[in-house]
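Here the structure is laid out as structure tokens; the discussion comes afterwards.
2 protein chains.
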Amino acid sequence: MTSVSIREVAPRDGLQNEEPVPTDAKVALIDALSGTGVRRIEAVSFVHPKAIPQMADADEVWARVDRRPGIRYSALIPNTRGAQRALAVGFREIEVVVSASDTHNRRNLNRSTEESLDDIASLTPLIHEAGATVEVIVATSFGCPFEGDIDPDRVAGIVARVRADGADRIAFGDTTGMATPRRVRDLLSAVRPDLLHFHNTRGTGLANILTALDLGVTEFDASVGGIGGCPYAPGASGNVATEEVVHMLHDMGIDTGIDLDRLISVAETAEKMLGRTLPSGVLRAGPRTRLV
Amino acid sequence: MTSVSIREVAPRDGLQNEEPVPTDAKVALIDALSGTGVRRIEAVSFVHPKAIPQMADADEVWARVDRRPGIRYSALIPNTRGAQRALAVGFREIEVVVSASDTHNRRNLNRSTEESLDDIASLTPLIHEAGATVEVIVATSFGCPFEGDIDPDRVAGIVARVRADGADRIAFGDTTGMATPRRVRDLLSAVRPDLLHFHNTRGTGLANILTALDLGVTEFDASVGGIGGCPYAPGASGNVATEEVVHMLHDMGIDTGIDLDRLISVAETAEKMLGRTLPSGVLRAGPRTRLV
Numbered sequence: 032m033t034s035v036s037i038r039e040v041a042p043r044d045g046l047q048n049e050e051p052v053p054t055d056a057k058v059a060l061i062d063a064l065s066g067t068g069v070r071r072i073e074a075v076s077f078v079h080p081k082a083i084p085q086m087a088d089a090d091e092v093w094a095r096v097d098r099r100p101g102i103r104y105s106a107l108i109p110n111t112r113g114a115q116r117a118l119a120v121g122f123r124e125i126e127v128v129v130s131a132s133d134t135h136n137r138r139n140l141n142r143s144t145e146e147s148l149d150d151i152a153s154l155t156p157l158i159h160e161a162g163a164t165v166e167v168i169v170a171t172s173f174g175c176p177f178e179g180d181i182d183p184d185r186v187a188g189i190v191a192r193v194r195a196d197g198a199d200r201i202a203f204g205d206t207t208g209m210a211t212p213r214r215v216r217d218l219l220s221a222v223r224p225d226l227l228h229f230h231n232t233r234g235t236g237l238a239n240i241l242t243a244l245d246l247g248v249t250e251f252d253a254s255v256g257g258i259g260g261c262p263y264a265p266g267a268s269g270n271v272a273t274e275e276v277v278h279m280l281h282d283m284g285i286d287t288g289i290d291l292d293r294l295i296s297v298a299e300t301a302e303k304m305l306g307r308t309l310p311s312g313v314l315r316a317g318p319r320t321r322l323v
Numbered sequence: 032m033t034s035v036s037i038r039e040v041a042p043r044d045g046l047q048n049e050e051p052v053p054t055d056a057k058v059a060l061i062d063a064l065s066g067t068g069v070r071r072i073e074a075v076s077f078v079h080p081k082a083i084p085q086m087a088d089a090d091e092v093w094a095r096v097d098r099r100p101g102i103r104y105s106a107l108i109p110n111t112r113g114a115q116r117a118l119a120v121g122f123r124e125i126e127v128v129v130s131a132s133d134t135h136n137r138r139n140l141n142r143s144t145e146e147s148l149d150d151i152a153s154l155t156p157l158i159h160e161a162g163a164t165v166e167v168i169v170a171t172s173f174g175c176p177f178e179g180d181i182d183p184d185r186v187a188g189i190v191a192r193v194r195a196d197g198a199d200r201i202a203f204g205d206t207t208g209m210a211t212p213r214r215v216r217d218l219l220s221a222v223r224p225d226l227l228h229f230h231n232t233r234g235t236g237l238a239n240i241l242t243a244l245d246l247g248v249t250e251f252d253a254s255v256g257g258i259g260g261c262p263y264a265p266g267a268s269g270n271v272a273t274e275e276v277v278h279m280l281h282d283m284g285i286d287t288g289i290d291l292d293r294l295i296s297v298a299e300t301a302e303k304m305l306g307r308t309l310p311s312g313v314l315r316a317g318p319r320t321r322l323v
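Protein chains in written order, with our numbering: chain A, 32 to 323; chain B, 32 to 323.
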């Protein structure tokens, strides 16, 4: 393996799980990330402002972002209204979520997994007609904080269903950090995603990515500084920090297109913006090549 | 691989790099660890109290510890005086340190690597005559914060030298968290240790252990709660947290003999004792099997 594609999710997944920040700061974060060499950014979600006040200004953020050629920007949407908003302002990569755990899906989306799959089936043609692609993120793929282990066959069934319904891409979400190297192997031996989204809740973030690389996965979500978590999942902590992922990959000789020093500068700025210590070792200590 | 041997280093390596705690608390920590099922504990170091005030009460700590049958307790010593003290009070597993980096060795021990190797050569017979074993810990094996990368051949040369001089066991120390999966493969393809000691400075702690497991290593240091760091190395943060290591290993079906719930309880107590938030995800979030 010579290259890996990182999708930077701090502007959406990260900020959605932090105290709200001003619109200016969101735009600045996205534009700063665009300058690091990262090729994919999850920019915003189009959700009801009462449900997710952190994303209430999604339209304004997106209108003000300096959209760079060669960068793929994506938006998360929960329903038809969200899809219409995202498509109207030009997004061509749309993400939707369904949870492999029925309990988690009900707590997160107030409906069963099956009902969410029906929703996705009806949304998909709408998105395709606008010339956009649909990525289905299967949350709690590696375990649910309410139900425990999730049978890989259940995840495989969901993947088969959404692929049959027209999904272009599949991501597996480690929503509350229950993924481990063993669970990554177990699930990926049953069904393969296009992209993996890990948290570092129990210290296994990079070990999980290492395992997935070994199994041939080349696309990962990561969040600069490790910003974000999951508000619906007690005990969940942040996403894997992009600079920790990039640091390990570059050391392995795997290209990401990202300038690590610039990325660390963005993490430093993000830390000041959020006013809390972010959970990133590479942000604290610098890369291993930074000598005294 | 069906089992891994963990050496718990919080009482020595951990506490040596924290604000001093009372003797009672040190004894209580060791005895609590003895109740977790861990089979090896690095208990104290016999160093000059002016150099390491945290270990000034090593004799008293050791005199008061409830020594359990079946647990191997070890002590770190810097010189002949330290060796005599450790042997006099009954230690039969003695650790000595030399740094692969000459610069780091001079800063840490005020002499060259070569001079330290000579010291170890003269200490080894003394320790053997008392019926004890010598473990040589090769610090900065995966990189030095002053010199940068360390050639695996240099580490291999040090290992050959100390083995020729009678060392019973070899450990590689990732003193400032510069180890990565790639560096673990590089070094271990040149020379094999008995035991590995990783820090989690840059998030790679468990990824490194996973890599070493894949290469057949079965002995690891870890520190409950992730207590400790390295005072001589700027930017260094704590050891890998024992509960994070055990959590990953048990999930893989690898036995450690350790009761994870008891271990987490010890981490909780240690956190109160130290009065600071310890860097352990499994301490914060609990194991993945702990449901809501």
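A virtual CB, placed ideally from N, CA and C, is assigned to each residue, including glycine.
Exercise. Please specify which runs of the alpha helix (DSSP H), each continuous and at least 4 residues long, are wholly inside the segment 45-78 of chain A, giving them in chain order.
Key: 54-65
Practice problem: Kindly confirm or deny that the segment 209-217 of chain A and the segment 159-170 of chain A touch, where touching means at least three C-beta pairs closer than 8 Å. | Solution: no
Quiz item: Short check: CB of Ser65/A to CB of Ile102/A, under 9 Å?
Solution: yes
Practice problem: Ignoring anything shorter than 4 residues or poking outside the segment 119-179 of chain B, list the alpha helix (DSSP H) runs there in chain order. | Solution: 133-140, 144-160
Practice problem: Anything in chain A within Cβ reach of Arg213/B, meaning under 7 Å, just list it in chain order. | Solution: Asp282, Met283
Quiz prompt | Residue of Lys303/B, Asn231/B, Ala253/B, Ala41/B minimising C-alpha distance to Ala316/A | solution = Asn231/B
Exercise. Count the C-beta pairs between the segment 32-51 of chain B and the segment 276-293 of chain A that are closer than 8 Å, then say yes if the count reaches three, no if not.
Key: no
Quiz item: Ordered along the chain, which non-local residues of its own chain (more than five positions away) have a Cβ less than 7 Å from that of Gly113/A?
Solution: Phe77, Val78
Quiz item: DSSP three-state call for Asp227/B: helix, strand or coil?
Solution: Correcting the residue type first, residue 227/B is Leu in the shown sequence and not Asp. It is a strand residue.
Quiz item: Counting only beta-carbon atoms, is Ile240/A nearer than 9 Å to chain B?
Solution: yes
Quiz prompt | Contacts around Pro183/A, its chain only, beta-carbon distance under 8 Å, and the 5 residues preceding and following it disregarded | solution = Asp217, Leu218, Ser220, Ala221, Val222
Quiz item: Is the segment 127-141 of chain A touching the segment 84-98 of chain A in the sense that three or more CB pairs, one from each, lie closer than 8 Å?
Solution: no
Self-check item: Closest residue to Thr207/A among Ile72/A, Gly259/A, Ala74/A, Thr144/A (Cα-Cα distance)
Solution: Gly259/A
Exercise. Run down chain A in chain order and give the residues with a C-beta less than 7 Å from the C-beta of Pro176/B.
Key: Leu322, Val323
Practice problem: Please report the residue range of the beta strand (DSSP E) in which Ala202/B lies. | Solution: 200-204
Quiz prompt | Any chain A beta carbon closer than 9 Å to Val75/B | solution = no
Quiz item: Who are the neighbours of Val313/B on chain A, taking C-beta pairs under 9 Å?
Solution: Thr232, Arg233, Gly234
Quiz item: What separation, rounded to the nearest whole angstrom, lies between the Cα atoms of Thr242/A and His228/B?
Solution: 21 Å
Practice problem: Report, in whole angstroms, the separation of the C-beta atoms of Leu157/A and Val127/A, which I expect to be a contact under 8 Å. | Solution: Going by Cβ atoms, the distance from Leu157/A to Val127/A rounds to 11 Å, so no, they are not a contact pair.
Quiz item: Would Gly306/A count as contacting chain B if we go by Cβ distances under 9 Å?
Solution: no
Exercise. Might you give, ordered along the chain, the residues of its own chain that have their beta carbon closer than 7 Å to the beta carbon of Ile285/B, omitting 5 neighbours on each side?
Key: Met32, Thr33, Ser34, Val35
Quiz item: Is Glu275/B close to chain A, meaning its C-beta is less than 9 Å from at least one C-beta of that chain?
Solution: yes
Self-check item: Given Glu146/A as reference, the closest of Arg200/A, Arg192/A, Leu322/A, Leu46/A once Cα atoms are compared
Solution: Arg192/A
Self-check item: Leu246/B in three-state terms, based on DSSP
Solution: coil
Quiz prompt | Limits of the unbroken alpha helix (DSSP H) element including Leu309/A | solution = That residue, Leu309/A, is in no alpha helix (DSSP H); it is neither H nor E in DSSP.
Quiz item: From Thr273/B to Gly288/A, what does the alpha carbon distance come to, in whole angstroms?
Solution: 35 Å
Quiz item: If you drop the 5 nearest sequence neighbours on each side, which residues of the same chain put their C-beta closer than 8 Å to that of Ala267/A?
Solution: Annotation note: pLDDT 48 at Ala267/A (below 50); position unreliable, coordinate value reported separately. Once the five neighbours on either side are set aside, the close Cβ partners of Ala267/A are Pro176, Thr206, Thr207, Gly208, His230, Thr232, Gly260, Cys261.
Self-check item: Proximity test, Cβ basis, 9 Å: Cys261/B and chain A
Solution: Because the pLDDT at Cys261/B is just 49, under 50, the model does not fix this residue reliably, and the value given afterwards should be weighed accordingly. No, because no Cβ of chain A sits closer than 9 Å to the Cβ of Cys261/B.
Practice problem: Given a cut-off of 9 Å, decide if Gly269/B and Leu314/B are closer than it, judged by their beta-carbon atoms. | Solution: no
Practice problem: Determine the contact status of Pro100/B and Pro51/B, defining contact as a CB-CB distance below 9 Å. | Solution: no
Self-check item: Where His159/A meets chain B, residues with beta-carbon distance less than 7 Å
Solution: Result: empty, since nearest Cβ-Cβ is about 37 Å, beyond 7 Å.
Quiz item: Does the distance from the C-beta atom of Glu166/B to that of Ile201/B stay below 9 Å?
Solution: yes
Quiz item: Given a threshold of 16 other Cβ atoms within 10 Å of its Cβ, counted over all protein chains shown, does Thr308/B qualify as buried or as exposed?
Solution: exposed
Practice problem: Determine the DSSP secondary structure at Glu39/B, reduced to helix, strand or coil. | Solution: strand
Quiz item: Three-state secondary structure (DSSP) at Arg214/A?
Solution: helix
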